[in-house]
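In what follows, a structure is listed as structure tokens, so that the remarks can point back to it.
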Amino acid sequence: MLRSTLLYLSERKGLQDFIVRRKLPRRISRRFVAGESLDEAIEVTRDLNARGMPVTLDHLGESVEREDQAMRAADDYIAILERVHRERVRTGISIKLTQIGLAIDHELCRKNLRRIAESARDLDNFVRIDMEASEYVEATLRLYYELSEEFDNLGAVIQSYLRRSEDDVRELGSRGASVRLCKGAYMEPEEVAFQKKSEVDTSFVRLLEILMQCDSPLAIATHDTRMIDVAKRLMQQNPRRDASVEFQMLYGVRRNLQAQLVHEGYRMRVYVPYGTEWYAYFMRRMAERPANLFFVLKTLTR
Ligand code: FDA
């Protein structure tokens, strides 16, 4: 109930406009967001790199409604790629296709994604295409398949809560795709997504087992120690997979566990979001763990 309320609020633009301008919420958002500027994100990236963790940078923003905004978002990503190349920080980028025009026009989005992929390839970098709400899954995978014929520096994301994901994972596996596996963060109807945590977890393990049989790069994106233990066991059974598998976690979530995995010798990448459009991302983090609300309330009452 609380989860669905928070996810509902995460999509309310009016509330977003009201909240993001206020000083205190902006300060609170820093728990999960590296800052509003690229300078701040690079500083965080340097710190994580120094502690043995590469990063994937997310310049926050999604569901843009105008062509000029989509073009600007793509330009921004190209500028980020150039800047991180100059600064020699270890980071890739994660992008949302609705940020570069998917909800406006498929062709516009394709052109923008192509521009970003090309720039990343020239700079020897990697682009992960985040997966959004289920209405965009088919179009996102189609664009991924189309452009990955031309570019080998693109990766996809699969959400274990979706009923369709086993078919998608088999297809991606047969194409040698780089996949990030996560549970899924949006509010989805029963017809398309498992609703119970136990079902989502069972699906996660099933998909993990399938992906472990493939040779292509795999990112295991979870903070769930049960899922991580299953992954470790599968890696032990399949040691040739070690170099092509990494764990991924979100900035600000389970920092001790991140450090522990590095200490144990696993590859661990941190997803670092930044920018002024932090509202929807922040609300999804609240929805994942309502206990986070206590942290917000504590800060507000201080
Ligand atoms: P689960 O929600 O079961 O949590 C397990 C434990 O982790 C909790 O008990 C708690 O201790 C801790 N935890 C989890 N979330 C927390 C939070 N917000 N704050 C504090 N503790 C928390 N989703 C999506 O739909 N599309 C995408 O492209 C991505 N991309 C992505 C990249 C990376 C690197 C990560 C780690 C996650 C995503 N996600 C995502 C989000 C993902 O789908 C999922 O919503 C969250 O990771 C939470 O799920 P867990 O696997 O952590 O398990």
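With the working numbering, the residue at position 213 of the sequence shown is 194, and numbering never jumps.
C-beta: ideal position from N, C-alpha, C; glycine also.
Which whole-angstrom value is the C-beta distance of residue i and residue j, which I expect to be below 8 Å?
i: residue 29; j: residue 277; result: With a Cβ gap of about 24 Å, residue 29 and residue 277 do not count as contacting.
i: residue 98; j: residue 135; result: 6 Å
i: residue 37; j: residue 74; result: 6 Å
i: residue 203; j: residue 164; result: 7 Å
i: residue 219; j: residue 193; result: 6 Å
i: residue 174; j: residue 160; result: About 18 Å separates the two Cβ atoms, so there is no contact after all.
i: residue 259; j: residue 65; result: That pair is no contact at about 20 Å.
i: residue 186; j: residue 33; result: That pair is no contact at about 27 Å.
i: residue 143; j: residue 110; result: Residue 143 to residue 110, Cβ: 15 Å. No contact.
Spatial neighbours of residue i within its chain, please: C-beta separation below 8 Å, excluding the five flanking residues on both sides.
i: residue 96; result: 55, 59
i: residue 51; result: 45, 80, 81, 82, 85, 89, 90, 93
Please return the same chain residues whose Cβ sits closer than 7 Å to the Cβ of residue i, not counting the five positions on each side in sequence.
i: residue 216; result: 222, 223, 226
i: residue 188; result: 139, 141, 146, 147, 150, 162
i: residue 102; result: 132, 134
i: residue -17; result: 271
What I want to know is whether the C-beta of residue i ends up closer than 8 Å to one or more non-hydrogen atoms of the ligand FDA.
i: residue 182; result: yes
i: residue 231; result: yes
i: residue 13; result: yes
i: residue 138; result: yes
i: residue 144; result: no
i: residue 37; result: yes
i: residue 237; result: no
i: residue 120; result: no
i: residue -9; result: no
i: residue 250; result: yes
i: residue 79; result: no
i: residue 269; result: yes
i: residue 40; result: no
i: residue 93; result: no
i: residue 161; result: yes
i: residue 26; result: no
i: residue 43; result: no
i: residue 273; result: yes
i: residue 72; result: no
i: residue 205; result: yes
i: residue 116; result: no
Of the choices the options, whose alpha-carbon is the least far from that of residue i?
i: residue 14; options: 51, 256, 272, 4; result: 256
i: residue 22; options: 89, 232, 236, 133; result: 232
i: residue 210; options: 274, 19, 182; result: 182
i: residue 274; options: 195, 240, 130, 12; result: 12
i: residue 154; options: 19, 127, 195; result: 195
i: residue 261; options: 127, 40, 31; result: 40
i: residue 20; options: 247, 200, 68, 197; result: 68
i: residue 198; options: 214, 205, 208, 229; result: 229
i: residue 117; options: 246, 191, 87; result: 87
i: residue 152; options: 179, 212, 126, 17; result: 126
i: residue 237; options: 166, 206, 100; result: 206
i: residue 113; options: -8, 31, 279; result: -8
i: residue 158; options: 200, 179, 120; result: 200
i: residue 213; options: 184, 240, 245; result: 245
Please return the same chain residues whose Cβ sits closer than 6 Å to the Cβ of residue i, not counting the five positions on each side in sequence.
i: residue 115; result: 169, 173
i: residue 254; result: 14, 39, 41, 262
i: residue -5; result: none
i: residue -3; result: 260
- prompt: Counting pairs of Cβ atoms below 8 Å between the region -2 to 10 and the region 35 to 47, do you hit three or more?
  reply: no
task: Determine, using beta-carbon pairs with one atom in the region -12 to -4 and one in the region 264 to 273, whether at least three such pairs fall under 8 Å.
output: yes
message: Taking contact to mean 3 or more Cβ pairs, one atom from each stretch, closer than 8 Å, check whether the region 100 to 107 and the region 68 to 87 are in contact.
response: yes
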